[in-house]
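J.:
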Ligand SMILES: [Zn+2]
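Chains as they are written, first to last, in UniProt numbering: chain B, 1 to 300; chain W, 1 to 344.
1. Out of W/158, W/106, W/184, W/125, point me to the one whose CA is closest to residue 187 of chain B's CA.
2. Determine the contact status of residue 44 of chain W and residue 19 of chain W, defining contact as a CB-CB distance below 8 Å.
3. Just the Cα atoms here: how many angstroms apart are residue 99 of chain B and residue 142 of chain B?
4. By the 10 Å Cβ neighbour count, where 16 or more other Cβ atoms means buried, how is residue 69 of chain B classified, buried or exposed?
5. Just checking: is the beta-carbon of residue 54 of chain B within a distance shorter than 8 Å of some beta-carbon in chain W?
6. Along chain W, in chain order, which residues have C-beta atoms closer than 8 Å to that of residue 154 of chain B?
7. Does residue 74 of chain W get closer than 8 Å to chain B when you measure Cβ to Cβ?
8. Using the three-state DSSP reduction, which class does residue 57 of chain W fall into: helix, strand or coil?
9. Between residue 195 of chain W and chain B, is there a C-beta pair that is closer than 8 Å?
10. Answer yes or no: the CB of residue 60 of chain W versus the heavy atoms of ligand 1, is any distance below 7 Å?
11. Would you mind reading off the limits of the alpha helix (DSSP H) that contains residue 108 of chain B?
12. Can you tell me where the beta strand (DSSP E) holding residue 139 of chain W begins and where it ends?
13. If you reduce the DSSP assignment to three classes, tell me which class residue 251 of chain W lands in.
14. DSSP beta-bridge partners for residue 192 of chain B?
15. Are the CB atoms of residue 16 of chain W and residue 231 of chain W nearer to each other than 8 Å?
16. Pull up the distance between the alpha-carbon of residue 278 of chain B and that of residue 162 of chain B, whole angstroms please.
17. What residues of chain W sit near residue 45 of chain B, judged by a beta carbon separation below 9 Å?
18. Check whether the Cβ atoms of residue 201 of chain B and residue 72 of chain B lie closer than 8 Å to each other.
19. Let me know if residue 193 of chain W comes out buried or exposed under the rule of 16 or more other beta-carbons within 10 Å of its beta-carbon.
20. Under a three-way DSSP split, which group does residue 244 of chain W fall into?
21. Within this structure, are the beta carbons of residue 39 of chain B and residue 29 of chain B separated by less than 8 Å?
22. For ligand 1, I want to know if residue 40 of chain W counts as a neighbour, meaning its beta carbon is within less than 7 Å of at least one of the ligand's heavy atoms.
23. Indicate the three-state DSSP secondary structure (helix, strand or coil) for residue 4 of chain B in the structure shown.
24. How is the beta strand (DSSP E) around residue 89 of chain B delimited, first residue to last?
25. Mapping DSSP to helix, strand and coil, what is residue 114 of chain W?
26. Quick one: Cα of residue 60 of chain B to Cα of residue 36 of chain B, how far?
27. What is the C-beta distance between residue 45 of chain B and residue 177 of chain B, in whole angstroms, given that I count them as a contact (C-beta under 8 Å)?
28. I think residue 131 of chain W touches residue 14 of chain B, with their Cβ atoms under 8 Å apart; what is that distance to the nearest whole Å?
29. Just jot down, in chain order, the residues whose CB lies closer than 6 Å to any heavy atom of ligand 1.
30. Determine contact between the region 96 to 116 of chain W and the region 134 to 148 of chain W, defined as no fewer than three beta-carbon pairs at a distance below 8 Å.
31. Three-state secondary structure (DSSP) at residue 89 of chain W?
32. Buried or exposed for residue 270 of chain W, please, with buried defined as at least 16 other CB atoms from any protein chain shown within 10 angstroms of its CB.
33. Determine the DSSP secondary structure at residue 67 of chain B, reduced to helix, strand or coil.
34. Where does residue 296 of chain B fall in DSSP's three states?
35. For a quick check, are the C-beta atoms of residue 190 of chain B and residue 16 of chain B less than 8 Å apart?
36. Is residue 127 of chain W helix, strand or coil by DSSP?
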């Protein structure tokens with residue numbers, strides 16, 4: 001059974017916080033939505049819609065992993081009525097940069113962060129005294145629902161990625177969900193996303209995709225756009241991050257994997273990557289690994 | 001089975017409202033209020049709303065409990081304290097002895113959630129979520145008396161996207177000479193759809209005198225109009241020994257003025273889908289119960305208010321509309337009335 005692939009675009013209707021390493025009292029955010037967060041949000045929503053009893057997250061979540069896959073979602077801006085995505089890439093000598101899907105623009109990481117992020121301070125109020133509670137001052141970094149270009153016009157922000165599905169009923173159920181709540185502090189109105197675009201697609205951010213195998217495979221790409229498992233014959237230029245997560249349906253903390261961060265870039269030739277059930281990417285065995293010699297990361 | 005439901009709330013400021021940033025001194029104001037970082041329009045963060053709702057619902061439950069108890073055994077109000085609603089179930093609740101009770105039959109802990117205390121089982125996010133409260137209509141002095149100003153971005157929040165408000169002008173029902181919004185003098189334009197917009201506001205229970213004094217400006221002007229017409233008050237501390245002003249204790253603070261109309265949403269999650277420590281939630285059973293429980297705070301909001309400076313008579317909000325979203329529709333200020341109302 002082969003996969004069908006869709007590009008989907010989720011517009012931010014409120015600020016978004018995607019937990020990352022904190023810096024002091026500042027809770028920082030990622031600039032992208034990991035597949036796992038999306039899977040969690042959709043699992044919850046699908047499970048809730050199916051039952052009036054305690055939902056069966058485990059069955060629904062496993063079904064969703066079995067018959068659907070998700071790419072990470074990356075931030076996008078609206079340029080002349082078209083959503084243009086910003087994608088991460090590590091560059092030799094430059095570190096992490098972001099470049100726009102259409103190749104028209106490139107920004108340093110810190111520059112994109114100033115355009116996308118805001119911080120929100122907060123304290124808890126003690127009800128006895130109606131004053132700020134000691135030791136509760138903290139800051140939240142948030143992805144804003146508008147770009148902070150400062151030219152006076154409000155430009156919306158969306159998160160863009162791909163859905164793979166191989167089960168028609170499941171596809172219809174997922175398609176029915178046009179509003180989700182993702183990330184941190186949802187109870188304070190954060191993380192409200194609305195689906196504004198949905199279309200069958202043939203490539204993933206410009207890379208061809210093999211949809212005929214057990215899992216979808218991203219073909220011939222030098223750059224990974226998800227956390228990617230390391231292997232001996234995979235030489236990337238980039239950053240490594242340990243990914244662990246809570247899975248209450250599976251009984252607690254899920255084992256952490258040391259992975260290449262999104263944007264890490266092959267130091268040698270293009271590779272093929274499988275999109276796994278958990279959203280991580282895994283490199284296929286390289287056919288030319290033995291013969292190819294390491295090269296610099298391309299600048300384009 | 002519905003997973004959640006959104007309830008739109010509209011409130012009118014009965015007093016100036018000061019929800020501070022916790023940061024002192026920006027420009028000429030010592031105590032600024034929270035603004036949206038991009039639009040620069042002041043707002044009340046959802047976390048502030050959530051905290052205030054929690055406290056007031058806890059107060060309400062405590063009052064109810066005491067009232068019932070008082071009726072059955074007079075004068076024994078503090079005896080047989082069954083559940084610590086207030087202040088224990090209000091606030092952060094991390095205090096070891098007087099923290100959140102964390103019980104599935106507690107209306108406060110189930111609706112508003114609780115944190116995981118030291119040595120305790122996991123926390124609970126709560127069944128109600130609160131969005132930021134945004135300015136929907138903002139009162140501005142003009143030479144024709146006060147007008148209530150809105151913009152497409154704000155109307156979008158009540159499911160009424162308006163098109164065609166683009167020029168540097170103020171869009172009104174009956175245009176004429178230029179109109180000043182505070183110090184800003186703008187040409188007037190006609191908005192053919194003002195009647196539809198008024199009907200929408202009528203459905204949202206917004207008072208007649210506001211409906212009859214509507215003005216629309218483009219999004220980019222809205223922040224200027226709002227920020228130029230905030231209430232800035234100056235205060236000084238009085239030294240109790242001398243009864244005179246304290247040296248160097250003069251300070252100023254800004255606030256949303258009385259008459260500002262705010263919109264926010266309460267998102268209620270289905271209690272059937274959640275459990276606390278493996279036990280079903282019994283305090284509330286339906287989506288609507290979750291919302292109704294949260295809405296018990298509204299009487300208190302009207303009298304005790306939100307934000308800082310409560311002792312200076314600030315912060316009271318009258319919630320005039322408590323319901324589900326109005327059905328989405330659109331208006332185009334550039335098209336005649338009989339052609340509007342289509343999809344964008
Ligand atoms: Zn409680």
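C-beta: ideal position from N, C-alpha, C; glycine also.
T.: In brief:
1. W/125
2. Yes, the pair counts as a contact, with Cβ atoms nearer than the cut-off.
3. In a straight line, the C-alpha of residue 99 of chain B is about 21 Å away from that of residue 142 of chain B.
4. Within a 10 Å sphere around the beta-carbon of residue 69 of chain B sit 16 or more other beta-carbons, which makes this residue buried.
5. yes
6. 38, 39, 153, 219, 220
7. With a pLDDT of 49 at residue 74 of chain W, under the threshold of 50, the predicted position of this residue should be treated as unreliable, though the coordinate-derived value follows. Residue 74 of chain W does not count as touching chain B.
8. helix
9. no
10. Taking 7 Å as the cut-off, the C-beta of residue 60 of chain W does not count as close to any heavy atom of ligand 1.
11. Not the alpha helix (DSSP H): residue 108 of chain B falls in the beta strand (DSSP E), residues 106 to 108.
12. 133 to 140
13. strand
14. B/181
15. yes
16. 15 Å
17. 3, 4
18. No. Outside cutoff.
19. buried
20. Reduced to three states, the DSSP call for residue 244 of chain W is coil.
21. no
22. Residue 40 of chain W Cβ: outside cutoff for every heavy atom of ligand 1.
23. The DSSP-derived three-state label of residue 4 of chain B is strand.
24. 82 to 91 is the span of the beta strand (DSSP E), which, as asked, contains residue 89 of chain B.
25. strand
26. 14 Å
27. 5 Å
28. Contact between residue 131 of chain W and residue 14 of chain B holds: their C-beta atoms lie close to 6 Å from each other, under 8 Å.
29. W/89, W/100, W/101, W/103, W/106, W/108, W/109
30. no
31. coil
32. buried
33. helix
34. Here the model assigns residue 296 of chain B a pLDDT of 46, short of 50, so the residue's position is not dependable, and the following value carries that caveat. Looking at residue 296 of chain B - three-state DSSP - the assignment turns out to be coil, as it is neither helix nor strand.
35. yes
36. coil
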